[in-house]
Amino acid sequence: MTATLDKLTPGMLVPFGGNRVAAVSEALAAAFQPGDRLVVVQETGALLHVPAAVQAVADAAVGRAHEAFHKMGAVTDEQIARFFKLFASRLDDDRYWAPIAEANAADVEKARGAGRSTTRLMVSEQMRLGMVMGLRGWADAPAGRGRVIETVEHDGWSVELVTAPLGVVAFVFEGRPNVFADAAGVLRSGNTVVFRIGSDALGTARAIAEHALAPALAAAGLPEGAASLVASPERSAGWAMFSDRRLGLAVARGSGPAVAQLGAVARQAGVPVSLHGTGGAWLTAAPDADAQRFAAVVETSLDRKVCNTLNVCCIDQSRAAELVPLFLKALERAGERRGHGCKLHFTESARPFLPQRWLDARASVRRAEGDVEEALAEPLAEDQLGREWEWEETPEVSLTVVGGVDQAVDLFNRHSPQFDASLISNDPAAHEAFYQAINAPFVGDGFTRWVDGQYALDKPELGLSNWEHGRLFARGGVLSGDGVFTVRTRARQTDPGLRR
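Going by the working numbering, the first residue of the sequence shown is number 261, and it counts up by one from there.
Here it is in structure tokens:
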């Protein structure tokens with residue numbers, strides 16, 4: 261027996277996870293109206309309210325993308341390439357860019373007024389150039405459909421494994437308008453895409469869609485809805501999208517908790533996910549680390565705050581007296597370069613190696629809400645080393661002193677989001693042992709900021725995945741447009757009398 265949920269009452273118990281219950285709050289009960297949906301996150305018991313109007317907006321956007329996907333088979337690879345060229349040229353044209361820049365300035369001003377971070381929201385000329393270059397890269401990239409990846413020959417017949425589009429790809433991302441252009445890369449392999457961007461950047465996204473994306477789709481002859489924006493500022497629009505079983509893949513980028521929740525919503529609906537949330541790179545200095553190389557790596561890994569920025573530094577105890585001062589100087593230089601000082605968090609193992617002035621000093625730290633006076637250095641529990649510091653203009657990092665590389669690896673595997681790790685050592689055997697032991701998809705021997713699809717692989721990335729929720733099946737940590745595909749199997753028979 262089934263029935264429609266038309267109302268909630270305060271204190272109502274909702275089962276989740278098989279043997280647990282969550283209670284409906286007074287606020288949720290008051291807000292829930294007939295026609296609304298309640299999404300129960302089976303991992304946590306979170307009760308997510310999706311108003312009927314928001315559900316309708318998400319349903320319509322996914323529906324347009326779903327219909328468009330079934331028409332993409334008739335679209336040529338040349339048309340898809342033309343779409344990317346047109347999209348890029350409109351972003352590169354000041355006539356079309358002006359209203360986008362105006363919308364972005366309004367978004368930034370609104371976010372600042374609300375005390376929210378604007379470091380990733382602001383569309384700089386460099387970001388604009390990156391979008392244009394990425395789109396042109398997709399225009400020139402090899403077609404992703406119909407590539408034969410393996411052929412098995414038999415007497416009188418053969419079998420081919422052929423790449424094919426996956427379907428509708430849904431993206432949810434917070435406050436980074438450039439991702440809007442990056443995510444369009446899934447069209448290169450014949451997929452369609454539906455976007456939902458955080459409310460801070462919604463005005464910018466609408467302007468990009470109106471002045472660049474939609475005109476490029478139409479001029480290239482791609483089906484309407486091949487790239488659709490869910491123009492809703494409500495977070496519940498993301499929950500509605502990710503619980504839609506018509507999706508071939510759900511991709512989330514943003515803050516760790518929000519991404520984890522979206523991933524849980526998609527997984528319980530049976531939708532495959534690619535999550536790009538918690539980041540923060542780890543750097544380990546081995547007993548034989550070259551001091552100058554180490555100092556340079558620290559500074560170059562703190563040039564700006566993104567997911568691959570240095571977040572935790574582990575220094576071998578045998579070298580701490582020498583390397584900790586170099587680490588602190590490099591941290592100071594990184595702060596001076598941005599003009600807003602620096603901030604240190606340290607475990608008890610690092611305290612004996614810190615100068616007293618660092619332990620006593622106060623510093624002005626640039627936060628989203630403005631400049632705040634704080635302690636220059638603050639103690640940090642070892643089990644908090646996995647915390648990612650989302651700094652604005654003041655480089656912020658954690659320091660711990662370890663009893664060897666093995667301990668650093670153990671701390672990384674236990675506490676980090678298992679994302680980006682680097683070792684400074686002159687011993688090839690140490691690097692090989694580090695690579696085999698560290699549970700990270702990205703491993704290096706220098707600065708951490710190399711972890712980027714465009715920078716490292718010459719491919720516009722859709723996102724970077726950590727291994728916080730386990731290793732990824734059949735793909736690397738870089739998700740790129742040409743990596744979103746399925747495999748079809750095709751038989752070719754030359755012997756008409758073939759039988760089993």
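Glycine included, every Cβ here is placed at the ideal spot set by N, Cα and C.
Classification of residue i by the beta-carbon crowding that lies within 10 angstroms, buried from 16 upward
| i | result |
| --- | --- |
| residue 758 | exposed |
| residue 521 | buried |
| residue 267 | exposed |
| residue 468 | buried |
| residue 456 | buried |
| residue 686 | exposed |
| residue 774 | Only positions 261 to 760 of the chain appear in this structure, which leaves residue 774 out of reach. |
| residue 596 | exposed |
| residue 449 | buried |
| residue 384 | exposed |
| residue 351 | buried |
| residue 380 | buried |
| residue 589 | exposed |
| residue 743 | buried |
| residue 357 | buried |
| residue 423 | buried |
| residue 471 | buried |
| residue 343 | buried |
| residue 290 | exposed |
| residue 273 | exposed |
| residue 692 | exposed |
| residue 752 | exposed |
| residue 677 | buried |
Residue i versus residue j - alpha carbon distance
| i | j | result |
| --- | --- | --- |
| residue 425 | residue 319 | 21 Å |
| residue 429 | residue 451 | 7 Å |
| residue 390 | residue 279 | 49 Å |
| residue 463 | residue 372 | 15 Å |
| residue 540 | residue 568 | 6 Å |
| residue 585 | residue 656 | 16 Å |
| residue 716 | residue 553 | 21 Å |
| residue 303 | residue 641 | 27 Å |
| residue 611 | residue 574 | 13 Å |
| residue 756 | residue 689 | 58 Å |
| residue 707 | residue 348 | 31 Å |
| residue 639 | residue 614 | 11 Å |
| residue 713 | residue 626 | 29 Å |
| residue 306 | residue 669 | 33 Å |
| residue 594 | residue 680 | 20 Å |
| residue 583 | residue 654 | 22 Å |
| residue 336 | residue 480 | 10 Å |
| residue 332 | residue 482 | 7 Å |
| residue 446 | residue 648 | 29 Å |
| residue 276 | residue 399 | 46 Å |
| residue 508 | residue 729 | 20 Å |
| residue 694 | residue 683 | 8 Å |
| residue 726 | residue 760 | 47 Å |
| residue 526 | residue 437 | 23 Å |
| residue 517 | residue 754 | 55 Å |
Sequence-distant residues of the same chain with beta carbon closer than 7 Å to residue i, five excluded per side
| i | result |
| --- | --- |
| residue 617 | none |
| residue 723 | 511, 513, 534, 536 and 739 |
| residue 310 | 296, 297, 299, 496, 499 and 500 |
| residue 643 | 675 |
| residue 735 | 743 |
| residue 528 | 302 |
| residue 515 | 434 and 537 |
| residue 531 | 502, 505, 507 and 510 |
Reference residue i; option with closest CA among the options
| i | options | result |
| --- | --- | --- |
| residue 328 | 547, 478 and 441 | 478 |
| residue 544 | 383, 665, 631 and 364 | 665 |
| residue 749 | 290, 403 and 419 | 419 |
| residue 506 | 330, 628 and 368 | 330 |
| residue 577 | 745, 504, 660 and 752 | 660 |
| residue 444 | 565, 470 and 395 | 395 |
| residue 476 | 606, 339 and 374 | 339 |
| residue 401 | 345, 438, 437 and 359 | 345 |
6 Å CB neighbourhood of residue i in its chain, flanking five on each side removed
| i | result |
| --- | --- |
| residue 572 | 542, 645 and 658 |
| residue 709 | 561 and 568 |
| residue 591 | 602 |
| residue 325 | 428, 452, 454, 485 and 488 |
| residue 519 | 512, 535 and 537 |
| residue 711 | 568, 680 and 702 |
| residue 621 | 636 |
Same chain, Cβ closer than 8 Å to residue i, five either side skipped, listed in chain order
| i | result |
| --- | --- |
| residue 776 | Outside the shown range of the chain (261 to 760) lies residue 776, about which nothing can therefore be said. |
| residue 314 | 492, 494, 496, 497 and 500 |
| residue 377 | 371, 435, 628, 650 and 652 |
Could you check whether the stretch 475–492 touches the stretch 402–417, counting it as contact only if at least three pairs of C-beta atoms, one from each stretch, sit closer than 8 Å?
no
Count Cβ pairs between the stretch 668–678 and the stretch 692–704 that sit closer than 8 Å; are there 3 or more?
yes
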